[in-house]
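One structure below.
Residue numbers (our numbering): 282 to 876.
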């Protein structure tokens with residue numbers, strides 16, 4: 282529309298409004314105080330500014346200060362009026378903090394909030410202020426006041442934070458608040474380097490699950506100069522002391538998050554007894570989390586249990602699949618036989634195939650191809666992704682395509698581009714022989730855009746089937762893009778884009794690399810065991826990189842990455858439309874343009 286294209290801003294007035302010149306600078310200070318009751322906020326703000334300027338140049342404003350102070354403290358006045366006067370009184374400087382201390386006991390939560398906020402500007406608050414803050418942190422019923430305290434806590438000296446932090450973390454009613462748990466956590470986190478034991482004890486004292494989890498995670502991440510997991514040892518002591526399953530669950534989840542990407546961690550003192558206790562918990566989540574931790578600690582009891590689950594077809598499929606993922610995540614190299622034995626089981630074959638990409642076994646490609654005709658479409662894609670993760674396996678896959686054992690159309694545009702990431706001339710030549718050039722010139726892409734514009738005329742789009750186009754979208758695009766609330770989140774949500782413009786759609790489908798935001802540039806990882814992974818980095822720690830590929834999230838330990846490069850290309854590959862029929866393209870465009 283006109284407004285969107287020009288950016289114009291319109292003012293609509295009734296009749297011919299009169300504009301009276303205003304010069305507040307000539308007014309007396311007391312008149313400026315009177316203006317704080319004006320209905321128009323403009324007058325209030327300019328009056329405040331002028332009073333600030335006069336205070337800065339040394340004018341005598343004692344009478345004005347007193348009037349401002351009196352209204353701010355007057356509980357019979359409307360709260361907005363009191364706050365206006367309070368803000369100006371504070372901005373004039375030479376503040377006597379007793380008024381703010383008194384206002385922290387005010388019956389109105391907004392007055393209490395502002396008293397806390399203004400007092401927090403003093404980075405070293407008085408003892409009576411700290412005592413009042415702790416009292417409010419324990420007993421104030423307003424979450425807005427507790428949020429203000431959490432914000433103030435982040436500006437306090439570290440040594441003064443412990444008591445107030447514990448009081449704020451003790452409000453279980455704040456567990457689902459959008460801001461409070463994280464604000465309290467941000468104030469607590471620096472304390473890990475001040476007193477590790479006290480920091481870990483907070484995990485037991487806290488009643489907010491998210492805070493407990495973050496404390497445990499941060500402790501687990503802490504490694505001393507000798508690569509000893511000192512934080513893990515301390516948090517494990519707290520884990521052993523509690524008999525509450527909700528606390529156990531949160532601490533275990535936090536520890537596992539802190540160890541994400543690590544292949545092995547030394548067990549803390551007393552681990553055999555602790556694991557025996559956790560394994561007998563009545564809470565399934567506690568038992569499962571303890572099992573995952575035991576596996577990371579190379580506890581043979583955990584390995585035996587997971588192998589038993591995988592082999593037992595009477596065990597629920599979700600448990601078996603999680604067992605496969607957990608064993609693979611340990612980096613164990615003796616899993617090939619176990620995973621290959623699952624290729625004939627429809628319930629676990631997809632997880633097993635993804636795991637085989639990491640395990641690495643010479644006979645994996647031949648076994649995948651021998652079962653390929655029995656796989657569902659989803660499992661076929663998992664098999665193709667696994668075979669394109671290693672150069673030798675990719676060669677076997679191309680042999681199978683040439684022998685018609687794998688249908689050429691099963692390889693998506695993303696897969697074809699993945700093959701070019703190996704930078705192997707012979708492999709690239711074979712890909713180009715089968716599919717044509719992987720990269721097109723700008724002129725080629727412009728010709729394609731013009732060709733499709735002619736084919737996708739209004740008359741042709743009129744007879745297109747949007748419902749069929751939705752099916753094409755789900756098959757081709759929905760893994761990465763969301764439209765009308767359906768689809769993935771790897772790429773941008775396209776619901777609000779300029780979808781009614783055919784030029785916009787074709788330029789993005791045919792030339793997705795024309796403009797690539799940094800957040801969507803593809804990263805290529807080459808690992809020590811010969812894998813090549815492409816995708817977006819969605820999380821990164823010192824221990825690991827989490828990569829979102831076209832089909833899954835993969836956690837790659839940092840010490841296993843041999844080379845990392847940032848591609849100028851988007852995650853969205855070129856050649857998407859070339860894999861579709863003309864009817865599918867027409868239907869897809871009709872669906873994308875629908876409202």
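We put the CB at the ideal spot given by N, CA and C, even for glycine. Predicted model, so just to flag it, every value in this text is computed and none were measured.
With contact counted as at least three CB pairs below 8 Å, one residue from each stretch, are the stretch 637-650 and the stretch 664-671 in contact? yes
Can you tell me the Cα-Cα spacing of residue 858 and residue 737, whole angstroms? 13 Å
Simplified DSSP state of residue 815, which is helix, strand or coil: strand
In angstroms with no decimal places, state the Cα-to-Cα distance between residue 893 and residue 626. As displayed, the chain neither begins before 282 nor continues past 876, which places residue 893 out of reach and without an answer.
7 Å Cβ shell around residue 651 - same chain, five flanking residues per side excluded: none
Close-in-space but distant-in-sequence residues of the same chain around residue 283 (CB under 6 Å, 5 per side omitted): At residue 283 the pLDDT is 44, less than 50, meaning the model places this residue with poor confidence; the figure from the coordinates comes in the next sentence. Excluding sequence neighbours, residue 283 sits near nothing in its chain.
Just how far apart, CA to CA, sit residue 621 and residue 634? 8 Å
Using the beta-carbon count (16 or more within 10 Å), is residue 799 buried or exposed? exposed
Specify the secondary structure class of residue 282 as computed by DSSP and reduced to three states. Legend: pLDDT at residue 282 = 37, less than 50; position of this residue unreliable, value from coordinates given subsequently. Coil.
Does the stretch 496-513 come close enough to the stretch 535-551 to have 3 or more Cβ pairs within less than 8 Å? yes
On the DSSP bridge list, what partners appear for residue 827? 820 and 836
Among 826, 522, 449 and 861, the one whose alpha carbon lies nearest that of residue 482: 522
Using a threshold of 8 Å, state whether the C-beta atoms of residue 791 and residue 729 are closer than that. yes
Check the C-beta distance from residue 877 over to residue 461 and give it rounded, since I have them as a contact under 8 Å. Residue numbering for the chain in the displayed model covers 282 to 876; residue 877 lies beyond these limits and cannot be assessed.
Pop quiz: residue 958 and residue 531 are said to be a contact at Cβ under 8 Å. What is the actual Cβ separation, rounded to whole angstroms? As shown, the chain starts at 282 and ends at 876. That puts residue 958 outside it, with no answer to give.
Starting from residue 805, trace the alpha helix (DSSP H) both ways and give me its first and last residue. First-last for residue 805: 802-808, but that is the beta strand (DSSP E), not the alpha helix (DSSP H).
Completely contained alpha helix (DSSP H) runs for the stretch 742-799, where each covers 4 or more residues: 747-757 and 783-791
Can you tell which of 814, 824 and 838 has the C-alpha that lies nearest to the C-alpha of residue 846? 814
Can residue 793 and residue 853 be called in contact, C-beta distance under 8 Å? yes
Please give the ranges of any alpha helix (DSSP H) in the stretch 294-346, keeping only runs that are unbroken, at least 4 residues long and fully inside the region. 310-315 and 322-337
Pick out the complete alpha helix (DSSP H) segments inside the stretch 549-631, 4 residues or longer, and give them in chain order. 552-560, 565-577, 581-592, 598-610 and 617-621
Return helix, strand or coil for residue 849, following the three-state DSSP convention. strand
When DSSP builds the beta bridges, which residues end up paired with residue 876? Answer by DSSP bridge pairing: none, since residue 876 is not bridged.
Give me the residue from 415, 385, 787 and 766 with the minimum Cα distance to residue 777. 766
Three-way DSSP call (helix, strand, coil) for residue 671 in this model: strand
Pairwise C-alpha distance: residue 513 and residue 435: 25 Å
Inter-residue Cα distance where the pair is residue 509 and residue 546: 9 Å
Residues near residue 865 in its chain [Cβ-Cβ closer than 7 Å; skip 5 each side]: 753
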